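*Asks:* Once you've had a glance at the structure underneath, I'll fire off some questions.
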Amino acid sequence: MNQPSQSEASRTLRGYLGHIEYWDPDGGDAALMLNAREWLEAHRSHLTAAEQADLAQADERLLALAGAAVGDAPDVAFLRMTAEAVSASRQRLAA
Amino acid sequence: MTVGVRNEPQPPRPQIVGVPLSPQPTALTDEARLRQLWTNDTSFDQHVKRRIAYGHATSAAHLAELSFAALARAQSAQVALGEYPVTAVESPGWATLLTQDGRIKTAYPIEPDRPSFTDNQRRLGCTVNESALTERSVQDLARVFGTH
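For the record, the sequence lines run as chains A and B.
All letters in the first sequence, in the order written, are residues 7 to 101 by the working numbering.
All letters in the second sequence, in the order written, are residues 480 to 627 by the working numbering.
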């Protein structure tokens, strides 16, 4: 299996940050945000310290979005799954 | 005397998985055409910003170029059945998701090392049916969107 490059990690992080910044509860592509967050979790070591700090900030915003989300449309469901992934990540880091 | 337009029978407009395709030439830019096909303007604007953030496109015009080029090469359709049905028209390297009324909900490149449309829809508990597009559908899509 090919190892991802640091640039791929940076690109994925930018996508994750952008998805949160330009969040649309009816955008149809929130699965990409979940996929990006899971990918970043699996390749966290490819992020610089500054990028890991950006990720932590973005996660905070995502949890706020998820807390305020209403309904059960697919994008909201993926948002909640991403929040669960973030929570699990935090627990792992705290352990 | 009233001069009217003759109401001659018109051949049915071609449709692709529920999308009425307009074969009429248009003076609109590709970006304006794509915006018209989208669910709504606000969602389109947010979508463009996300695609740029992900590095999938550099502008709305670039996104339109990519989207239409992909639709012109569409090969298969996957229909996710559930409370919120959605159809993914897949081309080599690109997915275009359509609502039940045939509007574009989202479009993005397919990344081989990430979960697929089917993988993601199954996480929502949806059943996904996949089929190749008919030869006629492939030809219609190529004719309508294949100027790129």
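By construction, the Cβ of each residue, glycine as well, lies at the ideal position given by its N, Cα and C atoms.
Note that the structure is a prediction, hence the values are computed from the model and not measured.
How should GLN63(A) be labelled, buried or exposed, when 16 other C-beta atoms within 10 angstroms of its C-beta is the threshold for buried?
*Replies:* Residue 63(A) sits at position 57 when you count from the first residue of the first sequence. GLN63(A) comes out exposed.
*Asks:* Once the 5 residues before and after THR18(A) are set aside, which same chain residues still bring their CB inside 7 angstroms of it?
*Replies:* What you label residue 18(A) is simply residue 12 of the first sequence in a count that begins at 1. Excluding sequence neighbours, THR18(A) sits near ALA42, TRP45, LEU46.
*Asks:* Is there a C-beta anywhere in chain A that falls below 8 angstroms from the one on HIS526(B)?
*Replies:* Within the second sequence, numbered from 1, the residue matching residue 526(B) stands at position 47. Answer yes: the Cβ-Cβ gap between HIS526(B) and chain A drops below 8 angstroms somewhere.
*Asks:* Let's test the definition: count the other Cβ atoms within 10 Å of the Cβ of ASP580(B) and tell me whether it reaches 16, buried, or not, exposed.
*Replies:* Start at 1 with the first residue of the second sequence, and residue 580(B) comes out as number 101. Classification for ASP580(B): exposed.
*Asks:* Output, in sequence order along the chain, the residues in the region 15-32 of chain A whose CB is closer than 9 angstroms to any CB in chain B.
*Replies:* Flagged, chain order: ARG17, THR18, ARG20, GLY21, TYR22, LEU23, GLY24, HIS25, GLU27, TYR28, TRP29, ASP30, ASP32.
*Asks:* What whole-angstrom Cβ distance do LEU560(B) and ASN608(B) have, given they're in contact under 8 angstroms?
*Replies:* To locate residue 560(B), count along the second sequence from 1; it is residue 81. To locate residue 608(B), count along the second sequence from 1; it is residue 129. Indeed they touch by this definition, with Cβ atoms about 7 angstroms apart.
*Asks:* Excluding five sequence neighbours on each side, which residues of the same chain lie with their C-beta closer than 7 angstroms to the C-beta of THR613(B)?
*Replies:* As a position in the second sequence, residue 613(B) is number 134, starting the count at 1. Closer than 7 angstroms at the Cβ level, and outside the excluded window around THR613(B), lies no residue.
*Asks:* Can you look up TYR587(B) in the DSSP assignment and give me helix, strand or coil?
*Replies:* Locating residue 587(B) in the second sequence gives position 108, where the first residue counts as 1. In the structure shown, TYR587(B) sits in a strand (DSSP, three-state: E or B).
*Asks:* Measure from the C-beta of GLY534(B) to each C-beta in chain A and report whether the shortest distance is under 8 angstroms.
*Replies:* Position 55 of the second sequence, counted from the first residue, corresponds to residue 534(B). Yes, GLY534(B) counts as interfacial toward chain A.
*Asks:* Just reading off the alpha helix (DSSP H) that GLN58(A) is part of, what are its end residues?
*Replies:* The sequence position of residue 58(A) within the first sequence is 52, counting from 1. Its alpha helix (DSSP H) spans residues 55-74.
*Asks:* Taking the continuous alpha helix (DSSP H) assigned at ALA556(B), which residues delimit it?
*Replies:* By 1-based counting over the second sequence, the position of residue 556(B) is 77. Not the alpha helix (DSSP H): ALA556(B) falls in the beta strand (DSSP E), residues 555-560.
*Asks:* Based on the DSSP secondary-structure assignment, which residues constitute the bridge partners of THR606(B)?
*Replies:* Position 127 of the second sequence, counted from the start, is the residue given in the question as residue 606(B). According to DSSP, which records beta bridges pairwise, THR606(B) is partnered with LEU560(B).
*Asks:* ALA553(B): which of PRO564(B), SER570(B), THR537(B) sits nearest, CA to CA?
*Replies:* Here residue 553(B) is taken as the residue at index 74 of the second sequence, counted from 1. Taking only the C-alpha atoms, the option nearest ALA553(B) is SER570(B).
*Asks:* Put GLY483(B) into one of helix, strand or coil per three-state DSSP.
*Replies:* If you number the second sequence from 1, residue 483(B) lands on position 4. Annotation note: pLDDT 40 at GLY483(B) (below 50); position unreliable, no value reported.
*Asks:* Nearest chain A C-beta to LEU560(B) closer than 8 angstroms, yes or no?
*Replies:* As a working mapping, residue 560(B) is identified with position 81 in the second sequence. LEU560(B) does not count as touching chain A.
*Asks:* Counting C-beta neighbours from all protein chains within 10 Å, is the total for ARG529(B) 16 or more, i.e. buried, or is it exposed?
*Replies:* Counted from its first residue, the second sequence places residue 529(B) at position 50. Looking at its Cβ environment, which holds 16 or more other Cβ atoms inside 10 Å, ARG529(B) is buried.
*Asks:* For a contact defined as C-beta to C-beta under 7 angstroms, what are the partners of ASN608(B) on chain A?
*Replies:* Your numbering for residue 608(B) matches position 129 in the second sequence. Within 7 angstroms Cβ-Cβ: nothing; ASN608(B) doesn't reach chain A, min ~17 angstroms.
*Asks:* Rounded to a whole number of angstroms, what is the C-alpha to C-alpha distance between GLY24(A) and GLN600(B)?
*Replies:* Locating residue 24(A) in the first sequence gives position 18, counting from the first residue. Locating residue 600(B) in the second sequence gives position 121, counting from the first residue. For GLY24(A) and GLN600(B), the distance between alpha carbons rounds to 22 angstroms.
*Asks:* Under 7 angstroms Cβ to Cβ from TYR22(A), same chain only, skipping five residues before and after it: list those, please.
*Replies:* As a working note, residue 22(A) is residue 16 in the first sequence. If we look at TYR22(A) and ignore the five residues flanking it on each side, its Cβ neighbours are MET39, ALA42, ARG43, LEU46, ALA64.
*Asks:* SER13(A) lies in the alpha helix (DSSP H); which residues open and close that run?
*Replies:* Working through the first sequence from its first residue, we reach residue 13(A) at position 7. It spans 12-27 - the alpha helix (DSSP H) in which SER13(A) sits, taken as one unbroken run.
*Asks:* For LEU507(B), which three-state DSSP category applies?
*Replies:* Within the second sequence, the letter at position 28 stands for residue 507(B). Note: LEU507(B) maps to coil in three-state DSSP.
*Asks:* Given a cut-off of 8 angstroms on the beta-carbon distance, is the pair ASP32(A) and ALA79(A) in contact?
*Replies:* The residue given as residue 32(A) occupies position 26 in the first sequence. The residue given as residue 79(A) occupies position 73 in the first sequence. Against a cut-off of 8 angstroms, the Cβ pair of ALA79(A) and ASP32(A) comes out as a contact.
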